[in-house]
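**Q** Numbering (mature numbering (1 follows the signal peptide of the UniProt record, and there is no 0)) for the sequence shown: -21 to -1, 1 to 257. First, the structure itself, so that you have it in front of you.
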Amino acid sequence: MRKTIYLFIAVVCLSSCSARKKTTTVSNRDAKRNNSNIQKANKDAIANYRSYNSLEYIDRFKAIAIQEMNQYGIPASITLAQGLFESGAGNSDLAKYANNHFGIKCTSDWTGKSYYKDDDNVNDCFRVYDNPEDSFRDHSAFLKRKNYAKLFELDKNDYEGWAYGLKKAGYATNPKYPQLLINIIVKYNLDQYDRPEGEIAKIKREDRVLSQINDSIGKPVQDTLSKTPPDDKIYTVKQGDTLYNISKRFGITVDDLKALNSMSDNGIKIGQKLVVVK
């Protein structure tokens, strides 16, 4: 019998994002200003945004769902069903303004831009992506956490096992979440995009992914999409940034950030260099 190569620690979370969330609160004013900056930065993409119906959404994103399935073993049907459900077939504000198709919230390891929206709490923080494909890729990376490890032992065409496993591992609080996903998969015949795998291929894929999960246990999770390493001492202000947004990325307060840079107010400009580590 093949030995399991990872250290599984059962963690059941009570929100849609299982990793530890940042607990910093943001005022309505700051949230509105931040969201306005994000929308301004993405104004061209927003202006050219097209609405999808469910079949168009499936056709648009099935290729990357299959690609992620082949890489990690997450059934393409599960990825597509989650995307359809969480983003309203790509038509939600998060999908339109933040390219976030899975409702993934900011966590303690997230160093990218943020978008604020009322959800479990007022002004919950959600991740912002440069494009929808990054959202799909980060969805796979997000699931490579210890509390989801058991799911990667399932066959990559076992969408029912994945649907119930996601709920059990704490991905969503809705008690009907597994059946919601399964109903979407059945309605749109999404399992046609799933692929079985032979025993040898499964062992290789499983060992590779579980090794990655095992290696990450006890270590800070690195943001796979951020262009700025979190341990850099200097950060260059980009379009859409706010002082609060930057402070949150690097785990310091706005007051500390202002003190480090001898700032008398919250004004910043694109290209400005900021010290972000004490």
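From the three backbone atoms N, C-alpha and C, an ideal C-beta is built for every residue, glycine too. Source: prediction; values computed, not measured.
Count the other CB atoms, across all protein chains shown, that sit within 10 Å of the CB of Pro208; report buried if there are 16 or more and exposed otherwise.
**A** Locating residue 208 in the sequence shown gives position 229, counting from the first residue. Confidence is the limiting factor: at Pro208 the pLDDT is only 39, short of 50, which leaves the residue's position unreliable and the question unanswerable from this model.
**Q** Nearest to Glu185 by CA position, among Asn49, Arg228, Ala10 and Arg12, is which residue?
**A** Within the sequence shown, numbered from 1, the residue matching residue 185 stands at position 206. Answer by Cα proximity: Asn49.
**Q** Which of the three DSSP states, helix, strand or coil, is assigned to Leu122?
**A** Here residue 122 refers to the residue found at position 143 of the sequence shown. In this structure, Leu122 counts as helix in the three-state DSSP scheme.
**Q** State buried or exposed for Arg8, treating a residue as buried only when at least 16 other CB atoms are found within 10 Å of its CB.
**A** Numbered from its first residue, the sequence shown carries residue 8 at position 29. Arg8 should be labelled exposed.
**Q** If you follow the alpha helix (DSSP H) that Ile53 is in, where does it begin and where does it stop?
**A** Start at 1 with the first residue of the sequence shown, and residue 53 comes out as number 74. It is not in any alpha helix (DSSP H) - Ile53 carries neither H nor E in the DSSP assignment.
**Q** Within its chain, find whatever has a CB closer than 7 Å to the CB of Asn70; leave out the 5 residues flanking it on each side and keep chain order.
**A** Working through the sequence shown from its first residue, we reach residue 70 at position 91. Hits under 7 Å: Ser30 and Tyr31.
**Q** May I ask you to report which of helix, strand or coil DSSP gives Leu133?
**A** Counting from 1 along the sequence shown, the entry for residue 133 is found at position 154. In the structure shown, Leu133 sits in coil (DSSP, three-state: anything other than H, G, I, E or B).
**Q** Under a three-way DSSP split, which group does Val254 fall into?
**A** Position 275 of the sequence shown, counted from the start, is the residue given in the question as residue 254. Looking at Val254 - three-state DSSP - the assignment turns out to be strand.
**Q** Report the partner residues of Arg8 according to the DSSP bridge assignment.
**A** Residue numbering aside, residue 8 sits at position 29 when the sequence shown is read from its first letter. According to DSSP, Arg8 bridges with nothing at all.
**Q** Whose CA, out of Gly250, Leu59 and Trp89, lies closest to the CA of Glu112?
**A** By 1-based counting over the sequence shown, the position of residue 112 is 133. Closest option to Glu112, judged by alpha-carbon separation, among Gly250, Leu59 and Trp89: Leu59.
**Q** Go ahead and label Asp137 buried or exposed: buried means 16 or more other beta carbons lie within 10 angstroms of its beta carbon, across all protein chains shown.
**A** Residue 137 sits at position 158 when you count from the first residue of the sequence shown. It counts as buried.
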